[in-house]
Amino acid sequence: MTHPLSPHPTEHRPVVIVGAGPAGLAVGNILRAAGVDCVVLEAESRRFIETRPRAGIIEQWAVRELERRGLADNLLERAETHTECEFRFDGERYRLSYGELTELRHYVYPQPLLVTDLVREYADVRGGDIRFGVRDVALHDLDTQWPSVSYVCPGTGERRVIRCDAVAGCDGARGVSRDALEPGRARIARHDYGIGWLALLAEAPPSSDCVLFGVHPRGFAGHMPRSPEVTRYYLQCPPGDDPENWSDERVWAELRERLGVTEEQPLIEGRLIEKRVLDMHNYVVEPMVFGRLFLAGDAAHLTAPIAAKGMNLALHDAFLLGDALVAYLTRGDESGLDGYSRACLRRVWDYQEFSQWLSDIYHGAASGDPFLAGTTLARLRRLFTSPAAASAFAEQYLGSAAGF
Ligand code: FAD
15 MTHPLSPHPT
25 EHRPVVIVGA
35 GPAGLAVGNI
45 LRAAGVDCVV
55 LEAESRRFIE
65 TRPRAGIIEQ
75 WAVRELERRG
85 LADNLLERAE
95 THTECEFRFD
105 GERYRLSYGE
115 LTELRHYVYP
125 QPLLVTDLVR
135 EYADVRGGDI
145 RFGVRDVALH
155 DLDTQWPSVS
165 YVCPGTGERR
175 VIRCDAVAGC
185 DGARGVSRDA
195 LEPGRARIAR
205 HDYGIGWLAL
215 LAEAPPSSDC
225 VLFGVHPRGF
235 AGHMPRSPEV
245 TRYYLQCPPG
255 DDPENWSDER
265 VWAELRERLG
275 VTEEQPLIEG
285 RLIEKRVLDM
295 HNYVVEPMVF
305 GRLFLAGDAA
315 HLTAPIAAKG
325 MNLALHDAFL
335 LGDALVAYLT
345 RGDESGLDGY
355 SRACLRRVWD
365 YQEFSQWLSD
375 IYHGAASGDP
385 FLAGTTLARL
395 RRLFTSPAAA
405 SAFAEQYLGS
415 AAGF
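For the sequence shown, this note's numbering assigns the number 15 to the initial residue and increments by one for each residue that follows.
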């Protein structure tokens with residue numbers, strides 16, 4: 015059969031996955047493990063996605079799920095684990111041992127390494143079809159029994175069409191899947207913090223054995239170990255600020271000031287290999303389903319990196335969606351797909367709420383509002399005076415609350 019959009023005979027695959035980030039690749043791997051045929055369409059090259067720096071902190075429940083699906087061998091061998099974080103304010107350091115409170119840990123494993131592992135497993139081990147460099151992806155007839163996805167082939171410039179039973183929209187915050195939602199069929203809830211973060215990657219060993227949060231009247235500063243050679247830093251800045259305004263000297267001076275404590279070891283400085291401004295905003299699409307389109311990860315919900323939650327949520331969606339598609343396509347069981355959006359959104363909203371709560375703590379001191387500065391500092395101090403407050407923080411920081 016030839017589709018009107020394509021001069022080629024139309025291909026059919028049970029599932030088309032748009033986007034090869036953590037969400038799309040995890041879904042693809044789950045489908046391939048169950049023998050379900052699928053294709054992943056990715057706009058960038060393999061090299062690009064395997065080197066794009068972003069997240070680095072994975073929660074223990076997500077690691078266990080990856081392990082259960084045979085996707086965590088390298089991670090378990092190479093990742094460092096963290097059980098403590100440190101807040102710095104009023105010139106003092108305050109350690110919070112969330113591992114002791116919960117017996118759980120964070121895994122520090124840079125996103126490019128996870129993506130590299132997932133691509134290799136999907137394409138090279140499980141024999142999955144992945145097409146890199148595709149252009150102008152478009153979704154069609156999503157609200158019918160015959161949805162399809164078309165794209166322009168990078169080699170020939172021709173438009174190809176793939177008919178399918180379901181589309182997994184995993185193309186992140188700037189993809190096309192979310193735009194395919196019909197107005198009136200989905201609600202997009204948005205929240206803008208009105209704050210920017212200068213996101214930095216330094217070719218320098220971490221300056222501490224754990225994540226540091228600097229709460230300072232000049233603005234928030236963060237230190238996140240990524241590997242023995244690379245450290246991520248953040249500096250609060252005006253939204254829309256130009257990274258050119260931040261010379262290397264200014265960056266290090268500001269980090270020293272905002273992360274400074276009285277008895278301090280100096281920060282270990284190094285070449286800054288990434289410097290970009292992120293405007294802190296969130297959104298949630300409800301429901302995450304439109305006809306035969308199932309959104310997953312940042313395509314469905316964005317969580318500013320305030321609480322390091324985005325990749326964890328993307329993986330959570332992917333586990334649920336992968337299993338639900340397998341149940342549907344191998345056994346005709348639609349219950350997982352029917353409950354997919356509701357099941358994802360419980361964790362999504364919980365993490366959004368925690369990010370908002372944490373944002374107040376990080377940014378209150380620099381808000382210019384003395385009342386907010388006072389109350390958020392009280393909230394921060396409570397973490398170190400009330401074991402109940404510390405336990406609640408630990409549970410949310412690790413995403414370990416029961417009931418998801
Ligand atoms: P993505 O990783 O964005 O993948 C989407 C893929 O789709 C991409 O490969 C893209 O090229 C492709 N694509 C886009 N459009 C198209 C199209 N039209 N056609 C085909 N392909 C397309 N999260 C954490 O959990 N912990 C952290 O510590 C953390 N730190 C972060 C730090 C920074 C600086 C940033 C920016 C984010 C951070 N995050 C963190 C968030 C995390 O990186 C994202 O939530 C995660 O990448 C989402 O995965 P995804 O698969 O949904 O989307």
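All residues carry an ideal CB built from backbone N, CA and C; glycine is no exception.
DSSP places Ser-162 in the strand class (E or B) of the three-state scheme. In the DSSP annotation of this structure, His-377 is not part of any beta strand (DSSP E); the continuous alpha helix (DSSP H) holding it starts and ends at 349-378. As DSSP reads the structure, Asp-143 sits in a beta bridge with Val-53.
With 16 or more neighbouring CB atoms inside 10 Å of its own CB, Glu-73 falls in the buried class. When the five nearest sequence neighbours on each side are left out, the beta carbons in the same chain lying within less than 7 Å of the beta carbon of Pro-242 are those of Pro-219, in order along the chain. Here Phe-385 carries a helix assignment [DSSP, helix/strand/coil]. Between the alpha carbons of Gly-350 and Phe-333 lies a gap of roughly 11 Å. Per DSSP, Tyr-112 is one residue of the alpha helix (DSSP H) stretching across 112-116. Burial check for Gln-159: the Cβ neighbour count within 10 Å stays below 16, so the residue is exposed. Taking C-alpha positions only, Val-53 is separated from Arg-145 by approximately 8 Å. Along the region 267-351, the alpha helix (DSSP H) occurs as fully enclosed runs of 4 or more residues at 324-345, listed in sequence order. Cβ atoms of Glu-98 and Arg-107 stay farther apart than 8 Å, at about 11 Å. The beta-carbon separation of Met-302 and Leu-292, rounded to 23 Å, does not stay under the 8 Å limit for a contact. Not a single heavy atom of the ligand FAD lies less than 8 Å from the C-beta of Ile-202.
Secondary structure note for Tyr-411: its alpha helix (DSSP H) is the uninterrupted segment 401-411.
Closest in C-alpha terms to Gly-208, from the list Val-229, Ala-200, Asp-51 and Pro-252, comes Pro-252. With a cutoff of 9 Å on beta-carbon distance, Val-340 and Ala-48 are scored as near each other.
Here Arg-272 is near Phe-234, since their CB atoms are less than 9 Å apart.
A Cβ-Cβ separation of about 6 Å places Ala-182 in contact with Leu-335 under the 8 Å criterion. Note that the C-beta distance between His-120 and His-154 is not below 9 Å. Closer than 8 Å to some heavy atom of the ligand FAD: that does not describe the Cβ of Ile-209. If you check the C-beta of Gly-350 against the ligand FAD, you find no heavy atom less than 8 Å away. Between Pro-161 and Arg-174, the CB-CB gap reaches or exceeds 9 Å. Between Gly-70 and Ala-322, the CB-CB gap stays under 9 Å.
Separation of Thr-24 and Arg-82 (C-alpha to C-alpha, rounded to the nearest whole angstrom) is 36 Å. Cα atoms of Asp-206 and Arg-345: separation of roughly 43 Å, rounded to the nearest angstrom.
Annotation: Ala-76 to Gly-254 spans about 33 Å, alpha carbon to alpha carbon.
Between Ala-328 and Ala-37, the C-beta gap is smaller than 9 Å, which places the two residues in contact.
Beta-bridge partners of Gly-210 (DSSP): Cys-251 and Asp-293.
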